[in-house]
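Chemist:
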Amino acid sequence: MKKIYTSVFILFVLSVFCNVTYSQTLSKETTQFIDNLLNSSYPEKNPGISILISENDVPVYKKAFGMSDMESGSKSDPENLYAIGSMTKQFTAVGILCLVNEGKINLNDDIRKYIPDYNTHGKTITIENCLTHSSGIPSFTELKGFDKIYDKKLSKDEIIKYFQDEELMFDPGTDFSYSNSAFFLLGIVIENVSGMTYEDFIQKNIFDKAGMKHSYFGNWEKKIPLFTTGYESSDNNSYAKASYFDWSWPFSAGNIISSTSDLLEWNNALVNEKLIPVSLLKKAWSPYMLAGGVNSNYGYGWNVTQLNNYTIIKHGGAINGFLSDGIYIPEKKIYIAALSNNSGKSPDEVTNKILFKILNTNDEDPVTINLDKSAFDEYTGAFEVNRGGGRLLKNYSAEKQYRFISNGGDSLIMSRTGGGKSGFFPYAKDKFFLKKSGKRFEFIRNSEGKITAMEVYDYPVTLGPADICQKVNIELPTERKEITLTAESMKKFEGEYELQPGFILKFFVENGNLYVQPTGQKTLQMHPESENKFFLKEVDAQAEFVQDADGKVNSMIFTQGQKFECKRIK
Numbered sequence: 012m013k014k015i016y017t018s019v020f021i022l023f024v025l026s027v028f029c030n031v032t033y034s035q036t037l038s039k040e041t042t043q044f045i046d047n048l049l050n051s052s053y054p055e056k057n058p059g060i061s062i063l064i065s066e067n068d069v070p071v072y073k074k075a076f077g078m079s080d081m082e083s084g085s086k087s088d089p090e091n092l093y094a095i096g097s098m099t100k101q102f103t104a105v106g107i108l109c110l111v112n113e114g115k116i117n118l119n120d121d122i123r124k125y126i127p128d129y130n131t132h133g134k135t136i137t138i139e140n141c142l143t144h145s146s147g148i149p150s151f152t153e154l155k156g157f158d159k160i161y162d163k164k165l166s167k168d169e170i171i172k173y174f175q176d177e178e179l180m181f182d183p184g185t186d187f188s189y190s191n192s193a194f195f196l197l198g199i200v201i202e203n204v205s206g207m208t209y210e211d212f213i214q215k216n217i218f219d220k221a222g223m224k225h226s227y228f229g230n231w232e233k234k235i236p237l238f239t240t241g242y243e244s245s246d247n248n249s250y251a252k253a254s255y256f257d258w259s260w261p262f263s264a265g266n267i268i269s270s271t272s273d274l275l276e277w278n279n280a281l282v283n284e285k286l287i288p289v290s291l292l293k294k295a296w297s298p299y300m301l302a303g304g305v306n307s308n309y310g311y312g313w314n315v316t317q318l319n320n321y322t323i324i325k326h327g328g329a330i331n332g333f334l335s336d337g338i339y340i341p342e343k344k345i346y347i348a349a350l351s352n353n354s355g356k357s358p359d360e361v362t363n364k365i366l367f368k369i370l371n372t373n374d375e376d377p378v379t380i381n382l383d384k385s386a387f388d389e390y391t392g393a394f395e396v397n398r399g400g401g402r403l404l405k406n407y408s409a410e411k412q413y414r415f416i417s418n419g420g421d422s423l424i425m426s427r428t429g430g431g432k433s434g435f436f437p438y439a440k441d442k443f444f445l446k447k448s449g450k451r452f453e454f455i456r457n458s459e460g461k462i463t464a465m466e467v468y469d470y471p472v473t474l475g476p477a478d479i480c481q482k483v484n485i486e487l488p489t490e491r492k493e494i495t496l497t498a499e500s501m502k503k504f505e506g507e508y509e510l511q512p513g514f515i516l517k518f519f520v521e522n523g524n525l526y527v528q529p530t531g532q533k534t535l536q537m538h539p540e541s542e543n544k545f546f547l548k549e550v551d552a553q554a555e556f557v558q559d560a561d562g563k564v565n566s567m568i569f570t571q572g573q574k575f576e577c578k579r580i581k
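Positions in the sequence shown are counted from 1; adding 11 to them yields my numbering.
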């Protein structure tokens, strides 16, 4: 389960000081490559990771790196347990398919058959719509105010009431937007149909049958053996224990705790038909086609994409202090499971490199081609963003966002609302990339050859369909003009402002300049453009300090793609 504007994460592995519990049968060169990659990513004294790679159902690499608990000095162990976040969704999906196999559920059933009082806003939302994020139901983790209540224990009915009256973002089946709300509802469906709690049903029908002896459901009151402590990045390259959340919220969208060994048992149980027949697994591992034949790149609880004639079945997870990732390549019967208690690192950077190495695929950026400077202006303009992180923009922001392509003289430059500037490099006709990002862009032309839109996707795996950004007729942003303010006049802005629980913006004056220190990030200089408005040069972000009638500063409005009203807390 993930929040769109908090640090985004997933998982991987490092440290020469690691524990090994399985003799490796990968080639020596591949093993050394993975060791070096993980050691450079998860140092000995940082929060760590456990990783397992199997081939033909048998582990060939199983190690742990870093720390499982920094306060006690405990090193990570391959058998450590971690919160797996949204990887829970695949368990929920298979739970639904167990009931389908028993003839108790039809994938085309309206969810109101099982949750009669749910507000579908007059539309038919099917079980399959919920499984494929094509329901149109906004994800509750992105709704305004969620950050103020996710540490409160609520009943399932109260949580449903929190999101059910939000308007659908689109007619069910016509688009894709990642929805924790929809998977929460699927957990309720499992309970109402089976007559069991979600936890008991998953335990009996999945954990027990798969031989998952070390998997649990989130519960802060119960001590779980070998469960790691989750950490978030803090000030000055340090780490702090993850901010508290209540386990009533993740439920069937993200409340499972497990180990890499148990996740291998899970994957083996699936491919060996211990849980559901292969016909249903094939549906879960096939991309759902949206209205109009648009490929969603998502099945039932898994991303499903192609890479060089291989099928990549993948899903990550992110929940306070924890990241997870699981990848299966059916053509090679290779499974990769990575679990981390360090939410400050993006696991895709590591798991993707391992994936490329195992598949003997080049993971370098495309080779840049020469583009005549006279052609630069053809590509410039503003392109409206529709989605990010698998979610439609309208789920988390009322503000429109754009990608801007400008002529930098020697090269094209891309910027985005709320982001920084990057070189924009061609690798084929109308195809461009950003270096070291995995982002790919392809311009779309009309019948007259005029550029009308830009397709945006991630390589090697895209969450949801590609984003088709229409070209719009608005001016490209201009450089902001900086003015001069005295250090004394900026002193009144010093203090700590809460953007969301656990994420603070600390402002201070030093050497005549105003600086901001976001939680877990580097300090940046704020540049004044008026007496109370400042901007960053590194990214498209602004801070406006709000003063009351007496001139006292009690709040600040921070804008970076969307607006955040930040209360001064110190």
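Where is the CB? At the ideal position from N, CA and C, for every residue including glycine.
What's the C-alpha gap between Pro288 and Leu281?
Modeler: As a working note, residue 288 is residue 277 in the sequence shown. As a working note, residue 281 is residue 270 in the sequence shown. Answer to the nearest angstrom: the Cα atoms are 9 Å apart.
Chemist: In three-state DSSP terms, what is Ala349?
Modeler: As a position in the sequence shown, residue 349 is number 338, starting the count at 1. Three-state DSSP puts Ala349 in a strand.
Chemist: Tell me whether Leu403 counts as near the ligand PLP, meaning its Cβ is closer than 7 Å to at least one heavy atom of that ligand.
Modeler: Ligands in the displayed structure: none, and consequently the ligand PLP is not present.
Chemist: Would you kindly check if the distance between the Cβ of Thr143 and the Cβ of Tyr299 is under 8 Å?
Modeler: As a working note, residue 299 is residue 288 in the sequence shown. As a working note, residue 143 is residue 132 in the sequence shown. Yes, the Cβ-Cβ distance between Tyr299 and Thr143 is below 8 Å.
Chemist: Going by the CB atoms, is the gap between Glu342 and Thr322 shorter than 8 Å?
Modeler: Residue mapping note: residue 322 aligns to position 311 of the sequence shown, counting from 1. Residue mapping note: residue 342 aligns to position 331 of the sequence shown, counting from 1. For Thr322 and Glu342, yes; Cβs fall inside 8 Å.
Chemist: Going by DSSP in three states, Gln35 sits in which element: helix, strand or coil?
Modeler: The residue you call residue 35 lines up with position 24 of the sequence shown. The pLDDT assigned to Gln35 is 43, lower than 50, so where the model puts this residue is not dependable, and the model offers no usable value.
Chemist: Any idea if Trp231 is buried or exposed, counting beta-carbon neighbours within 10 angstroms, 16 or more meaning buried?
Modeler: Taking the sequence shown and counting its residues from 1, the one referred to as residue 231 is at position 220. Answer is exposed; the Cβ neighbour count stays below 16.
Chemist: Measuring only the C-alpha atoms, how far is Asp385 from Lys482?
Modeler: Taking the sequence shown and counting its residues from 1, one reaches residue 385 at position 374. Taking the sequence shown and counting its residues from 1, one reaches residue 482 at position 471. Position check: residue 385 holds Ser in this sequence, whereas Asp was assumed. Taking the straight line from one Cα to the other gives about 20 Å.
Chemist: Going residue by residue through the stretch 176-213, where are the continuous alpha helix (DSSP H) segments of at least 4 residues, counting only ones entirely within it?
Modeler: Entirely contained in the stretch 176-213, the alpha helix (DSSP H) runs reaching 4 residues are, in chain order, 191-205 and 209-213.
Chemist: Can you tell me which of the three DSSP states Arg456 falls into?
Modeler: If you number the sequence shown from 1, residue 456 lands on position 445. Arg456: strand per DSSP, three-state reduction.
Chemist: What separation, rounded to the nearest whole angstrom, lies between the Cα atoms of Tyr311 and Lys450?
Modeler: Locating residue 311 in the sequence shown gives position 300, counting from the first residue. Locating residue 450 in the sequence shown gives position 439, counting from the first residue. Their Cα atoms are separated by approximately 25 Å.
Chemist: Label Gly431 either buried or exposed according to how many other C-beta atoms from any shown protein chain fall within 10 Å of its C-beta, with 16 as the threshold for buried.
Modeler: Position 420 of the sequence shown, counting from 1, holds the residue named residue 431. So Gly431 ends up on the exposed side.
Chemist: If you run the structure through DSSP and keep just helix, strand and coil, what is Asp68?
Modeler: The count along the sequence shown starts at 1 and reaches residue 68 at position 57. Correct three-state label for Asp68: coil.
Chemist: Counting only runs that start and end within the stretch 458-509, where is the beta strand (DSSP E) found for 3 or more residues in a row?
Modeler: Correct list: 462-469 and 478-483.
Chemist: Taking only three categories from DSSP, how would you classify Met98?
Modeler: Translated into positions along the sequence shown, residue 98 becomes position 87. In this structure, Met98 counts as helix in the three-state DSSP scheme.
Chemist: Are the beta-carbon atoms of Ile138 and Ile171 separated by less than 8 Å?
Modeler: Here residue 138 is taken as the residue at index 127 of the sequence shown, counted from 1. Here residue 171 is taken as the residue at index 160 of the sequence shown, counted from 1. No, the Cβ-Cβ distance between Ile138 and Ile171 is not below 8 Å.
Chemist: Hey, could you find the ends of the alpha helix (DSSP H) Ser270 is sitting in?
Modeler: For the purposes of this step, residue 270 is taken as residue 259 along the sequence shown, with counting starting at 1. It is not in any alpha helix (DSSP H) - Ser270 carries neither H nor E in the DSSP assignment.
Chemist: So if DSSP puts Glu521 in a beta bridge, which residue, or which two residues, is it bridged to?
Modeler: Your numbering for residue 521 matches position 510 in the sequence shown. Answer is Asn524.
Chemist: With a CB to CB cut of under 6 Å and the five nearest residues on each side skipped, what residues in its chain are close to Ser205?
Modeler: Here residue 205 corresponds to residue number 194 of the sequence shown, with the count starting at 1. Phe212.
Chemist: Residues in its own chain within less than 8 Å of Asn30 by CB, not counting five upstream and five downstream?
Modeler: In the sequence shown, the residue the question calls residue 30 occupies position 19. Bear in mind that the predicted position of Asn30 carries a pLDDT of just 42, short of 50, making it unreliable; the figure below should be weighed with that in mind. So the list reads Lys74, Ala75, Lys86, Ser87, Asp88 and Pro89, once near-sequence residues are dropped.
Chemist: Would you tell me roughly how many angstroms separate the C-alpha atoms of Ser245 and Gln536, rounded to the nearest one?
Modeler: As a position in the sequence shown, residue 245 is number 234, starting the count at 1. As a position in the sequence shown, residue 536 is number 525, starting the count at 1. Computed Cα separation, rounded: 19 Å.
Chemist: To the nearest angstrom, how far is it from the Cα of Gly332 to the Cα of Asp68?
Modeler: Translated into the one-based positions of the sequence shown, residue 332 becomes position 321. Translated into the one-based positions of the sequence shown, residue 68 becomes position 57. Cα to Cα, Gly332 sits roughly 29 Å from Asp68.
Chemist: Considering only residues of the same chain and omitting the five flanking positions on each side of Glu177, which have a CB-CB separation below 7 Å?
Modeler: Walking along the sequence shown from the start, residue 177 turns up at place 166. For Glu177, where only same-chain residues beyond five positions count, the Cβ hits under 7 Å are Pro149 and Leu154.
Chemist: With the cut-off set at 8 Å, would you say Gly531 and Phe518 are in Cβ contact?
Modeler: Looking up residue 531 in the sequence shown gives position 520. Looking up residue 518 in the sequence shown gives position 507. No.
Chemist: So, for Ser34: in the same chain, excluding its five sequence neighbours on each side, which residues have a beta-carbon less than 8 Å away from its beta-carbon?
Modeler: Residue numbering aside, residue 34 sits at position 23 when the sequence shown is read from its first letter. In this predicted model, Ser34 has a pLDDT of only 38, less than 50, meaning its place in the structure is not dependable enough to derive any value.
Chemist: In angstroms with no decimal places, state the Cα-to-Cα distance between Asn371 and Asn363.
Modeler: Counting from 1 along the sequence shown, the entry for residue 371 is found at position 360. Counting from 1 along the sequence shown, the entry for residue 363 is found at position 352. If I take the Cα positions, the gap works out to 12 Å.
Chemist: Do you know offhand how far Ala94's Cα is from Lys563's?
Modeler: Residue mapping note: residue 94 aligns to position 83 of the sequence shown, counting from 1. Residue mapping note: residue 563 aligns to position 552 of the sequence shown, counting from 1. So the two alpha carbons sit approximately 43 Å from each other.
Chemist: Less than 6 Å between C-beta atoms, sequence neighbours within five positions excluded: which residues of the same chain meet that for Leu547?
Modeler: Working through the sequence shown from its first residue, we reach residue 547 at position 536. Leu535.
Chemist: I think Tyr255 touches Tyr242, with their Cβ atoms under 8 Å apart; what is that distance to the nearest whole Å?
Modeler: Numbered from 1 along the sequence shown, position 244 holds the residue referred to as residue 255. Numbered from 1 along the sequence shown, position 231 holds the residue referred to as residue 242. Not a contact, Cβ separation roughly 13 Å.
Chemist: Quick one, are the C-beta atoms of Leu92 and Phe238 less than 8 Å apart?
Modeler: Translated into the one-based positions of the sequence shown, residue 92 becomes position 81. Translated into the one-based positions of the sequence shown, residue 238 becomes position 227. Yes. Within cutoff.
Chemist: Measuring straight from C-alpha to C-alpha, what distance separates Glu66 and Ser38?
Modeler: Position 55 of the sequence shown, counted from the start, is the residue given in the question as residue 66. Position 27 of the sequence shown, counted from the start, is the residue given in the question as residue 38. C-alpha separation (whole angstroms): 13 Å.
Chemist: By DSSP's criteria, Arg398 is part of a beta bridge. Which residues make up the other side?
Modeler: As a position in the sequence shown, residue 398 is number 387, starting the count at 1. Leu403.
Chemist: Tell me the residue span of the alpha helix (DSSP H) that contains Asp441.
Modeler: Numbered from 1 along the sequence shown, position 430 holds the residue referred to as residue 441. Segment: none, Asp441 is in no alpha helix (DSSP H) and carries neither H nor E.
Chemist: Does the distance from the CB of Ser335 to the CB of Met78 come in under 8 Å?
Modeler: In the sequence shown, residue 335 corresponds to position 324, counting from 1. In the sequence shown, residue 78 corresponds to position 67, counting from 1. Cβ distance not < 8 Å, so Ser335 and Met78 don't count as in contact.
Chemist: Looking at the unbroken beta strand (DSSP E) that takes in Ala409, where does it start and where does it end?
Modeler: Numbered from 1 along the sequence shown, position 398 holds the residue referred to as residue 409. Segment: none, Ala409 is in no beta strand (DSSP E) and carries neither H nor E.
Chemist: Going by C-alpha distance, which of Gln511, Lys578, Leu510 and Leu496 is nearest Lys544?
Modeler: For the purposes of this step, residue 544 is taken as residue 533 along the sequence shown, with counting starting at 1. Minimum Cα distance to Lys544 is reached at Leu496.
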